[in-house]
Each structure stands twice: as structure tokens, then as C-alpha cells.
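Only one structure is covered here, and it is reproduced in the block below.
There are 2 protein chains.
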Amino acid sequence: MDRRAKEKDDDTSAKERPTLKTLAFMTGLGVTTVSRALKDAPEIGAETRRRVQLVAKQIGYRPNRAGVRLRTGKTNVISLVLNTEHELMSFVSDIIYGVTEVIADTPYHLIVTPYSRSQDPLDPVRYLVETGSADGVIISRTQPNDPRARYMLERGIPFATHGRTDMGLVHPYHDFDNYAFAGEAVRHLAGMGRRRLALVTPPVGLTYYDHTVNGFADALSEVGASEVPFNTVSIDHTIEQIRMRTAQLMRREDRPDGIVSSAAAATLAVVAGIEDAGLKLGRDVDLVSKQSSELLHLFRRELFVVNESFRLAGSELARAVLGWIGGMDPGSLQSLSTPGGVLPYRG
Amino acid sequence: MDRRAKEKDDDTSAKERPTLKTLAFMTGLGVTTVSRALKDAPEIGAETRRRVQLVAKQIGYRPNRAGVRLRTGKTNVISLVLNTEHELMSFVSDIIYGVTEVIADTPYHLIVTPYSRSQDPLDPVRYLVETGSADGVIISRTQPNDPRARYMLERGIPFATHGRTDMGLVHPYHDFDNYAFAGEAVRHLAGMGRRRLALVTPPVGLTYYDHTVNGFADALSEVGASEVPFNTVSIDHTIEQIRMRTAQLMRREDRPDGIVSSAAAATLAVVAGIEDAGLKLGRDVDLVSKQSSELLHLFRRELFVVNESFRLAGSELARAVLGWIGGMDPGSLQSLSTPGGVLPYRG
DNA sequence: TCAATATACTGAAACGTTACAGATTGCCAA
DNA sequence: TTGGCAATCTGTAACGTTTCAGTATATTGA
């Protein structure tokens, strides 16, 4: 439509974005040669290579993504698959920042692929794979037997999971050691003389639910404390639900004197529930919570916190996917982040 | 490499992803006809059109993005440009969810393009435009005279800004009415008898800083209250800085008895600072804060809040960009969200 | 000297799509 | 009967890239 020149070789009109053809014309070489020179192919003369790369840099040549993608199938895209309802708030931004940090000096773009509660979590993954929309995928809310991981493994598409699976299949992951977290939390509370502990769990069904629950249980028997069951909520529940049920729990005769919470937002609600029941944090009950931002300290100074960095998770996950795409052994791309310890106010 | 058939037309081997050629083969039509039939071109017979579309649906045909993009230049991508350091935390996830909500049933993908403190904010935008990586762009942290908006307007690439500009140029935007927010907050505090008010401002230089400050000032003179200057912080400062400087402020003789805060995270720090100074919220000072999640209520029941939905902002921004891409008048794609009113605890 | 071989480069084809410029058919007016 | 003209359909080229199968030139071994 808006092309001016009718000559086959209109590269002299300098306004359009430079392509290989432009470079070929400028250097007097063939398109093939230019292409290979740019990617350091061995059969290109050293001087030619330098010359081409110099010119390319000078005129700001950038390979056309669509061209590459069409020809090679390589999208230079990695996709972060997110649940638009359940994912904790700040979680998402941090993980995204972590990912972008890593892919910043690569040709990769990050696309966010959402799915909602009503959908099968496999849907977005299937979409990505079937349409070949990404070279690598990052998923969260990982389950012990995760159909998404299984699916991608079958299709041979590189991915990394936030959280581990337990299927006897090997794939890259990053996980926070929630077993250790729950254990440390329990030991900390026990060290303060707390004996009857309750746990605000991760969402049932996710792998780190198991880890957390196990860490909690093992440490309980280790320190000889007992569990006050609190199975009616998880951190996936709404603020109001958590608050109400905590209040109910705390009004009971056999209420806990120590609580471990798996997420900051839930902790806010739990504390509100405690206070609704007329009890006081630090006196009637102590609470150790995981948090991902440094804000919980400000909320109640009596809170104890363990920090989990989602930014780190994002970086690690991105590194893992890129590594797999780059041909590394998936088994070597697994990482576990250890809790730094329980911090009191003004740690 | 892994292609089996050597015949030119290997579409009979059903395993590969279907293309127009596959459809052409199956229907016995030409590729061109199929292409046009799928997009309801007028010169295709009604029955043929239906037939092609039926077959396409049956075998799950999906146009190859790279093919379309290479041929037409249309990327079917919209980019959200984010500052990886300053953007408030939950802000980002909500805005992303809002955007994905709108583009869910379109062919669009969302890519997140980050930039860091050290970079010129124009960099990522320039990159997107120069490489033609997106059909539309969403930016935030909008300034009255915003070089990014000017740049994209010049280049003719559709975009929407979160927040307004003030350059006499018309473009789509979505904004929260921060003038109204600050005004309502002031009136609310004045209604409670507060007379010496301080403002925790948005980042200096952004448009909504001006709006907020103006709304604050106008309402102050309207109700006859006075301002206690608090220019040493904005919501871009760290939690620690805000906390310390609030404590300093509150220890002064002429401390404010009412505070308006532009963001939830800052509010947490401000409250901590107030309490560091030995004062009590609700007694010595009242505070009205904007928040985007419903969590501030839980923090201190004495807080007053005004809700701003970033999810809504995301949706509106996406709608605006898509509208502009679709040929709508940019001037008609501007929206302003009105604060719902000041809510006390248990509103 | 000749062939064999290494070195440095090149054109053509293909990835999947759309736009352009036809091509084929049937029907109608003259 | 013929020319004209809709109504449908089609082949070719092009977008920018990489791969395949070369070609041309210089270098080597005998």
C-alpha cells in the first residue's frame, strides 16, 4: 500500500527497518552470507564477519521476530501461566519482575497467559503448546501429580514449575522449603512455651500443602507439642472467611496458643479474627507467618515472620526454563530456597 | 529434518498442525479461497464459506501468528510497560488481570516490557516501536508532559496511558479521579474536626501528583483547614524512609491532626511512624488512605479508606488500546474513575 | 600439471499468510 | 451468436529468515 519504490531492490530508501537484504546490499554480500556472519558461523571469513557485524550494529539491525519464528519455529517467548483468581497479589508482580530481570538481556519476551477458576488449568498450557506460542513455560500452583507437567513433558516443551511435583518425573523447578519453614515456625513457637499449635495451610491439593503439613507435624512431635486442627481454611479462602473462622476457633475452649500461617494476607485476617475473639497477640497467642513483602512487621509488632522472595523465585524459574531451552539437563535445573530463619520485630 | 514425506503436498500425514494448505487440500479449494472464506470476504460463495469454516472448526485450525505477522505486520500483541522498581506491588497483578480479562477472547497476547530505574522510560517504548513488537502499548507513571505519549503519537502507534497527560494532545487514557479523592479525604477529616492536615503525595512529576495536590489544596481552603507541609516523602519512598520521616513530623509541635495518604503501603509506614512518635491513630490523628486491596481495614480499624480498583484500570486501558487499534476515535477512549467515597471500618 | 580439497561465498526454496492480478463459468442483453 | 459482466474461485509473489545444495576460487599433494 504505502510502499513507494517499484524496483525489486528498494533498499536505497533508508527509512524502512533494516533487514538482511539491507545489510546484504550495503556490504555487497549475499543474504545468506550476512545471515551466517551475524551468527558467527564457521565458514565465514574473519574479516567479512567483522565487517558485517559492524555495519549491522551501526544501522541498528534487529532480526525480524516473525521471520525467525516462521522459519525456525523459535518464538523467543516464554510464558508465565497464572491463575487470575487465586494467585496472591504481590506474588505476581514480584515473580514477573524476577523473570524480566533474567530475560532482560536475552531476545526473549515474556507473555502472561491467564486462566480463571472455571477453567481446567491444563487449558492454557494446551493452548500454548498447540499453537506453539512459546519456547518455554512457567507454571505455578504445582500439584504432586501435575497434569500440566506431565503434558509438557510428553510434548517435549521446556518448562519450569514453581513448586515441586511428585510423579517420579524429572523437570526443572524452583521451590521454597516449606517443610523447613513450618518446622522452624513450630520450633520457634515451642521455644516460647507455646504447646497447642494451629496451622493455616496452603491450598489443599498443591504440593507445598503437603510439605508444609509434614514439616508442621514432624516438628510438633519433635518438640512434643500438639496440633489444634484448623482444616476449615487455607490461604486460598477469602479474608472474611479466614477472619470469621479464626474468631470461631479462638473462642473455643481448646484454642491454640500458637499459629503458623503460610501467607501474609491470611495472617492479616487471622490476627483480625484473634482480636475479634477478644484475645491479644503476643499474650494469648503467638503467630509465625511467611511473608513476601516486608510489610507484616508494620502490622503488629508481635508478629514473627519468615521471608520468602518471589522475585528470587521468578529469576530462578526463568533461568531454569532458559537453561532447558538451551539444552541443559533438566535435572540440574532444580533449586530449593531455604528459609532465612524466624525474625521477630526489629530482627 | 523430521519431515517424512517428500511429496510437495504432504498434508495427508495428519500429525502436523493444520495450515491453510491443509484446509485447502481437505476442501478441494485454493489456499486463497480458504483464507478469504475464513475472514468472511464478500466474493466467496455462501455455501463455500460455511463449508470452509465448518472444516476449520472441526480440525481446530488456528492461524499461524508468525505467518500473519510477517505478512501483515500485525503482531496481535499488546505490551504493558512497567517500571520494575517503583510500581506498587499489588498494583501490577491487578492491572494485569484486568488487561487479560479483556483480551481473553481476542487473539491478543499480553507481553510485559520492563524498565528499571536507571533507564530512560522512553527506552522500552522506543524498543517496542522500532522493532514493531506490539500493536498497542499501555504505559503508567504518566507525566503531564510525557515524552512516551508524544513519541507514540508521532509514530502513530496506538496506546493508552494510566493517568492523564497535559500536553494538549488527545489520546486514550484511564485515570482515577485523584482530585476528587484528595478533596473527599480532606472534607472527611474536616468533618471530624481535624484542622491541620498533611498529605503523603504521589511521586513528584507524575500527573496525578498534581491532581492530588490540587484537590488537597482546594478542599483545604474550602473547609478552612490548613496544610502541614510534608514534602520530604512520597509514596515512591521506601517504607523505612516514610516511617522515619513521619515519626519526625509527628514529634514536632505543629504536627498534623489529619493525614491523607495516596497509597496503602505508604499508609502502613505512616501509621508505624505515628506510633513510633507515641501517638495514637483515631485519637491524636486521623488518616484517610487510598487502597487497592481490601486489606487496610484489617491493619488498624481506625483507618479510613477510599478504594481504587487497578483491575478496573487494567480493563479500561485494554479496552482503550483495542478500541484505538480497531479504528475508534482516540478521544472517545478516555475514562475517569470516580472514588466511591470514604469508608470507615465496617463500612 | 592435474585432480582433489578446503575456503568463502551464493541462489533458491521454504515456513504460513495475505494482496494482487487474473481465470473460469454462467447469464443476460443486443 | 457474441460481447459484456457479475460471481467465484485461483496462482503467484512477497513479508524476513534459515537451510540446502551448490559454485567459484585458491591451495594442496603427487
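If you read the sequences in order, they're chains A and B. For the first sequence, numbering that gives the first Met the number 0 begins at 0 and goes up steadily by one. For the second sequence, numbering that gives the first Met the number 0 begins at 0 and goes up steadily by one. All residues carry an ideal CB built from backbone N, CA and C; glycine is no exception.
Residue i burial status per 10 Å Cβ neighbour count (16 or more: buried)
{"i": "Asp209 of chain A", "result": "buried"}
{"i": "Val199 of chain A", "result": "buried"}
{"i": "Arg345 of chain A", "result": "The pLDDT assigned to Arg345 of chain A is 38, lower than 50, so where the model puts this residue is not dependable, and the model offers no usable value."}
{"i": "Asn144 of chain A", "result": "exposed"}
{"i": "Thr349 of chain B", "result": "Examination of residue 349 of chain B is not possible in this model, given that chain B is present from 0 through 346 alone."}
{"i": "Arg147 of chain A", "result": "buried"}
{"i": "Glu315 of chain A", "result": "buried"}
{"i": "Thr237 of chain A", "result": "exposed"}
{"i": "Thr337 of chain B", "result": "exposed"}
{"i": "Ala317 of chain A", "result": "buried"}
{"i": "Asn82 of chain A", "result": "buried"}
{"i": "Arg300 of chain A", "result": "exposed"}
For residue j and residue i, believed in contact at Cβ under 8 Å, the rounded distance
{"i": "Phe158 of chain B", "j": "Gly135 of chain B", "result": "6 Å"}
{"i": "Ile94 of chain A", "j": "Gly313 of chain A", "result": "4 Å"}
{"i": "Ala179 of chain A", "j": "Gly214 of chain A", "result": "6 Å"}
{"i": "Gln52 of chain A", "j": "Ala36 of chain A", "result": "7 Å"}
{"i": "Val91 of chain B", "j": "Val91 of chain A", "result": "7 Å"}
{"i": "Val80 of chain A", "j": "Ile137 of chain A", "result": "7 Å"}
Interface flag, residue i vs chain B, CB-CB below 7 Å
{"i": "Pro113 of chain A", "result": "yes"}
{"i": "Leu321 of chain A", "result": "no"}
{"i": "Phe298 of chain A", "result": "yes"}
{"i": "Ile95 of chain A", "result": "yes"}
{"i": "Val232 of chain A", "result": "no"}
{"i": "Ala36 of chain A", "result": "no"}
{"i": "Leu69 of chain A", "result": "yes"}
Of the listed residues the options, nearest to residue i (C-alpha basis)
{"i": "Thr141 of chain A", "options": "A:Met166, A:Glu293, A:Ala36", "result": "A:Met166"}
{"i": "Lys289 of chain B", "options": "B:Glu84, B:Asn177, B:Leu28", "result": "B:Asn177"}
{"i": "Gly223 of chain A", "options": "A:Leu121, A:Gly182, A:Arg35, A:Thr245", "result": "A:Gly182"}
{"i": "Arg68 of chain A", "options": "A:Ala133, A:Val212, A:Val91", "result": "A:Ala133"}
{"i": "Asn63 of chain B", "options": "A:Lys73, A:Val54, A:Gln57, A:Tyr60", "result": "A:Lys73"}
{"i": "Arg163 of chain A", "options": "A:Arg125, A:Ile156, A:Gly204", "result": "A:Gly204"}
{"i": "Met243 of chain B", "options": "B:Lys38, B:Ala271, B:Val212, B:Arg254", "result": "B:Ala271"}
{"i": "Ala264 of chain A", "options": "A:His296, A:Met249, A:Thr99", "result": "A:His296"}
{"i": "Ala319 of chain B", "options": "B:Leu332, B:Pro120, B:Gly326, B:Gly325", "result": "B:Leu332"}
{"i": "Ile258 of chain A", "options": "A:Arg282, A:Glu293, A:Pro120, A:Thr237", "result": "A:Arg282"}
{"i": "Glu307 of chain A", "options": "A:Asp39, A:Leu342, A:Met191", "result": "A:Leu342"}
{"i": "Gly155 of chain B", "options": "B:Ile324, B:Phe180, B:Ser261, B:Leu109", "result": "B:Ile324"}
{"i": "Leu168 of chain B", "options": "B:Gly330, B:Leu335, B:Thr337, B:Ser336", "result": "B:Gly330"}
{"i": "His170 of chain B", "options": "B:Glu226, B:Leu219, B:Met151", "result": "B:Met151"}
{"i": "Arg48 of chain A", "options": "A:Glu226, A:Gly313, A:Val33, A:Tyr60", "result": "A:Val33"}
{"i": "Val232 of chain B", "options": "B:Pro106, B:Asp256, B:Ala262", "result": "B:Ala262"}
{"i": "Val30 of chain A", "options": "A:Leu19, A:Gly59, A:Asp39", "result": "A:Leu19"}
{"i": "Arg251 of chain A", "options": "A:Gln240, A:Leu267, A:Gly277", "result": "A:Gly277"}
{"i": "Arg194 of chain A", "options": "A:Ile77, A:Glu221, A:Asp174, A:Ser225", "result": "A:Ser225"}
{"i": "His187 of chain A", "options": "A:Val98, A:Lys38, A:Leu335, A:Ala218", "result": "A:Ala218"}
Beta carbon proximity, residue i to chain A, threshold 7 Å
{"i": "Leu335 of chain B", "result": "no"}
{"i": "His108 of chain B", "result": "yes"}
{"i": "Arg61 of chain B", "result": "yes"}
{"i": "Gly66 of chain B", "result": "yes"}
{"i": "Tyr344 of chain B", "result": "Interpretation of Tyr344 of chain B is limited by its pLDDT of 48, a score under 50 that renders its predicted location unreliable; no figure is taken from the coordinates."}
{"i": "Thr130 of chain B", "result": "yes"}
{"i": "Ala265 of chain B", "result": "no"}
{"i": "Thr105 of chain B", "result": "no"}
{"i": "Ser220 of chain B", "result": "no"}
{"i": "Ala271 of chain B", "result": "yes"}
Residue span of the alpha helix (DSSP H) that contains residue i, given as start and end
{"i": "Gly257 of chain A", "result": "Segment 257-260 is the beta strand (DSSP E) holding Gly257 of chain A; no alpha helix (DSSP H) there."}
{"i": "Ser220 of chain B", "result": "206-222"}
{"i": "Ser34 of chain B", "result": "30-37"}
{"i": "Ile238 of chain A", "result": "238-250"}
{"i": "Ile273 of chain B", "result": "263-275"}
{"i": "Phe303 of chain A", "result": "That residue, Phe303 of chain A, is in no alpha helix (DSSP H); its beta strand (DSSP E) goes 303-306."}
{"i": "Leu280 of chain A", "result": "Note, Leu280 of chain A: premise wrong, no alpha helix (DSSP H); not H, not E."}
{"i": "Leu79 of chain B", "result": "Per DSSP, Leu79 of chain B belongs to no alpha helix (DSSP H); it is in the beta strand (DSSP E), 76-82."}
{"i": "Lys20 of chain A", "result": "19-26"}
Run of the beta strand (DSSP E) containing residue i, from where it starts to where it stops
{"i": "Tyr172 of chain A", "result": "172-175"}
{"i": "Phe298 of chain A", "result": "Here Phe298 of chain A belongs to no beta strand (DSSP E); instead the alpha helix (DSSP H) covers 295-298."}
{"i": "Ala159 of chain A", "result": "158-161"}
{"i": "Ser336 of chain A", "result": "333-336"}
{"i": "Ala197 of chain B", "result": "195-199"}
{"i": "Thr112 of chain B", "result": "108-114"}
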